[in-house]
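Residue numbers (this note's numbering), protein chains in the order written: chain A, 1 to 353; chain B, 1 to 353. Notes follow once the structure below has been shown.
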DNA sequence: GTTAGCACTCTCCCACCTAGAGTGCTAACC
DNA sequence: GGTTAGCACTCTAGGTGGGAGAGTGCTAAC
């Protein structure tokens with residue numbers, strides 16, 4: 001038997017149809033699919049013996065597998081991959097649902113910090129999987145405005161507004177008792193010098209501030225805090241990943257025992273990996289699919305991700321998508337993610353138009 | 001047998017000691033405790049037969065129960081309640097850990113939006129349960145400052161800074177193409193009229209703005225958006241519940257099958273209930289313990305919560321605490337929650353001092 | 001190339017058994 | 001009267017064995 005996991009290669013149409021049938025049957029039934037069931041439920045025009053023959057071929061090509069001798073076939077990760085790449089088209093979200101979702105987004109049109117949350121929630125309920133979304137993070141933060149508010153005489157709150165609409169806040173302790181007027185003057189000065197700059201630009205501009213006068217020292221101190229906040233903001237790969245509908249994933253029978261679930265949750269807490277994914281997805285404008293063991297951290301071996309970027313290329317990028325069991329209705333998931341990322345693009349466009 | 005769940009009543013010292021031994025043994029072993037094991041591991045000075053007798057009494061008092069005839073005893077919710085109320089004192093966190101935690105909080109002393117996240121993370125890792133925390137939400141939002149930034153000629157971003165240091169952002173669409181100068185003028189006007197007011201006060205003050213001039217109309221439009229944002233902020237019972245370490249809960253053997261876990265997660269998504277809890281806890285300055293079925297939503301029947309408020313009574317209140325299986329080391333959990341809520345109080349005090 | 005037929009394999013489920021843990025009760029003891 | 005040893009009893013966990021059912025792979029015929 002030299003034909004052990006022969007590389008996939010192009011499949012003839014009949015084999016494709018059978019692979020497709022196995023996958024689509026398995027996606028709904030969650031249990032191995034036998035040759036009998038296939039001939040009964042799909043008009044393949046051949047007998048179960050022939051189907052068995054082809055199933056054996058698909059298995060030796062590495063696209064299907066066997067839990068044990070006398071069980072039906074289940075797709076491998078490679079099988080799903082072939083299915084997604086070569087067999088099916090994505091299924092667009094039905095018009096009715098598109099309208100409903102547009103309506104919901106209309107409700108939060110003027111609350112930009114809600115957008116990505118709603119995206120995750122929408123994806124979760126539409127695909128019955130977990131929805132994921134990150135806010136659109138600027139590649140390099142450009143200051144748009146600085147605001148200083150006195151909290152008490154030795155503590156000030158710095159509010160930074162970025163060109164992309166994001167906001168950051170930080171506290172600065174003050175060396176001397178200070179009044180709001182002095183702070184406001186410093187804010188005016190810093191607005192003049194630092195606005196429209198990135199972290200390094202702001203640091204350079206700050207050097208030019210006279211450190212001899214009391215107000216100059218105050219400006220320096222506050223300015224340094226601002227630069228540090230900018231640097232921290234730039235350094236964060238992703239600011240936040242919002243997820244919703246993890247309950248949907250818990251309901252899948254493959255996660256009935258909680259050790260598998262635990263793996264998924266611990267992977268979701270793995271910020272470094274999520275950052276990498278966002279990076280991978282942000283590059284192009286497509287919907288990306290990551291299936292089972294294709295995912296770097298082994299914890300994610302039982303789930304698939306369907307992700308798409310949104311935002312303004314080169315300026316601010318976020319990611320939306322779904323996470324579900326590898327046994328996932330990919331065509332629908334891809335269609336839904338495509339629609340939602342498009343919607344997010346429209347919203348973000350308003351900020352730049 | 002008329003002695004079916006006789007009300008607890010005061011227990012003699014020996015019964016208390018045995019109840020305590022059963023609970024503490026069960027908390028670490030997670031399996032029913034028999035009379036034999038008790039005499040072996042705790043010097044009770046009596047034989048297993050006597051212990052059996054007392055166990056039977058504790059059971060008829062409703063403090064212990066039996067999974068089945070030939071199994072040992074496990075505590076009931078009432079048993080844990082009696083244990084927490086009448087038998088044990090809370091165990092303070094060891095000095096070493098207190099220092100480590102203080103050090104970590106020192107790192108984020110000037111990043112107030114991190115405080116409650118760190119609280120949850122700290123509680124999770126220290127108690128090996130899930131940590132929960134809400135930001136300190138003002139009871140009624142007082143405006144401290146308004147900032148307007150032009151996004152594009154028909155869209156402006158409103159930034160509201162509250163007395164308590166919180167920030168809210170909203171977008172306003174503008175009826176006519178507008179320049180930043182005009183917006184800044186409006187911001188000055190609104191700052192003058194609306195600052196230090198609550199939602200209703202601001203709405204009243206807005207009435208006085210002349211709606212005839214173009215800038216008056218702009219001020220009205222922006223002002224109305226501000227009032228709506230204030231109202232929304234006030235209406236939200238809790239803004240956000242941050243949780244960390246849910247993995248710890250998943251690891252407990254009682255959640256090996258995922259249906260129980262699912263219940264917990266779905267209860268955590270129940271905002272209304274969390275709001276009620278926060279309300280209940282916010283009133284007094286104690287650590288509150290909610291055990292198993294004492295919790296309103298039946299989904300929470302398998303877990304306990306140990307919660308404490310922090311913040312400024314009458315002004316801004318948040319809640320920190322842990323969520324774990326009912327089989328939880330209560331004395332340690334209570335001690336840790338008490339310590340962390342004290343720490344949070346210190347941090348918040350800086351904002352008011 | 002396709003199909004019917006068939007032996008084979010493996011899981012699932014049920015019934016059954018045994019060992020072990022722990023109980024409740026009773027009678028004796030201090 | 002409280003405490004204890006002894007004992008019969010109950011229930012679970014875990015192991016064994018067998019039968020039904022599903023599905024396979026192979027072979028020989030079409």
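Virtual Cβ for every residue (Gly too), placed ideally from N, Cα, C. These figures come from a predicted structure and were not determined experimentally.
| query | result |
| --- | --- |
| Is there at least one Cβ from chain B nearer than 8 Å to residue 4 of chain A's Cβ? | The predicted position of residue 4 of chain A is uncertain, since its pLDDT is 39 and thus under 50; a value taken from the coordinates is nonetheless stated next. False, the Cβ-Cβ gap to chain B never drops below 8 Å. |
| What does residue 170 of chain A reach in chain B if we use C-beta pairs closer than 7 Å? | 110, 111 |
| Might you give, ordered along the chain, the residues of its own chain that have their beta carbon closer than 8 Å to the beta carbon of residue 120 of chain A, omitting 5 neighbours on each side? | 131, 132, 133, 242, 243, 244, 245, 320 |
| So, with DSSP's three-state summary, where would you put residue 4 of chain A? | Low per-residue confidence applies at residue 4 of chain A: pLDDT is 39, beneath 50, and the placement is therefore not dependable, though the value from the model is reported in the following sentence. Coil at residue 4 of chain A, not helix or strand. |
| Among the candidates A/269, A/70, A/51, A/115, whose CA atom is the shortest distance from the CA of residue 340 of chain A? | A/115 |
| Quick one: residues in its chain with C-beta nearer than 6 Å to the C-beta of residue 328 of chain A, no 5 flanking neighbours on either side, listed in chain order? | 304 |
| Could you tell me the alpha carbon to alpha carbon distance between residue 109 of chain A and residue 220 of chain B, rounded to whole angstroms? | 20 Å |
| Give the DSSP bridge partners of residue 152 of chain B, in chain order. | B/155 |
| Under the assumption that residue 141 of chain A contacts residue 203 of chain A (Cβ atoms under 8 Å), give the Cβ distance between them as a whole number of angstroms. | Incorrect: roughly 13 Å between the Cβ atoms, too far for contact. |
| For chain B, check one thing: does any of its Cβ atoms lie closer than 8 Å to the Cβ of residue 238 of chain A? | no |
| Taking Cβ-Cβ distances shorter than 8 Å, what residues in chain A pair up with residue 250 of chain B? | 258, 261, 262, 265 |
| Using the rule of at least 16 other Cβ atoms within 10 Å of the residue's Cβ for burial, across every protein chain shown, is residue 157 of chain B buried or exposed? | buried |
| Using the three-state DSSP reduction, which class does residue 147 of chain A fall into: helix, strand or coil? | strand |
| For a test of the three-state rule: what should DSSP assign to residue 197 of chain B, helix, strand or coil? | coil |
| Which residues of chain B have a Cβ atom closer than 7 Å to the Cβ of residue 255 of chain A, listed in chain order? | 258 |
| How far does the beta strand (DSSP E) with residue 173 of chain B in it reach, from first residue to last? | 167-173 |
| Just the C-alpha distance for residue 30 of chain B and residue 272 of chain A, rounded to the nearest angstrom, thanks. | 35 Å |
| Could you work out which residue in A/76, A/218, A/209 is closest to residue 181 of chain A when comparing CA atoms only? | A/218 |
| Checking contacts by CB at 8 Å: is residue 350 of chain A closer than that to chain B? | yes |
| On a Cα-Cα basis, can you pick out the residue from B/179, B/194, B/171, B/325 that is closest to residue 291 of chain B? | B/325 |
| Can you confirm whether residue 323 of chain B, when its beta carbon is compared against all beta carbons of chain A, has any partner nearer than 8 Å? | no |
| Below 9 Å on C-beta distance, what does residue 159 of chain B contact in chain A? | 145, 147, 159, 161, 167 |
| Pull the bridge partners of residue 288 of chain B from the DSSP assignment, please. | B/307 |
| Alpha carbon to alpha carbon, how far is residue 257 of chain B from residue 256 of chain A? Give it in angstroms, no decimals. | 6 Å |
| Does residue 295 of chain B have its Cβ less than 8 Å from a Cβ in chain A? | no |
| Could you compute how far the alpha carbon of residue 45 of chain B sits from the alpha carbon of residue 73 of chain B? | 20 Å |
| Can you list, in chain order, the residues of its chain whose CB lies under 8 Å from that of residue 234 of chain A, leaving out five sequence neighbours each side? | 140, 141, 198, 199 |
| How big is the Cα-Cα spacing for residue 111 of chain B and residue 313 of chain A? | 30 Å |
| Looking at residue 64 of chain A and residue 51 of chain A, is the spacing between their C-beta atoms short of 8 Å? | no |
| Classify residue 110 of chain B as helix, strand or coil using the three-state DSSP reduction. | coil |
| Nearest by alpha-carbon distance to residue 88 of chain A: which of A/228, A/126, A/263, A/333 is it? | A/333 |
| Taking residue 147 of chain B as the reference, which of B/172, B/164, B/135 has the closest Cα? | B/172 |
| Helix or strand or just coil, what does DSSP make of residue 75 of chain A? | strand |
| Can a CB atom of chain B be found closer than 8 Å to the CB of residue 30 of chain A? | no |
| Can you give the beta carbon distance from residue 104 of chain B to residue 122 of chain B, rounded, assuming they're within the 8 Å contact cut? | 7 Å |
| Can you tell me whether residue 237 of chain B is buried or exposed? The criterion is at least 16 other CB atoms within 10 Å of its CB, across all chains shown. | exposed |
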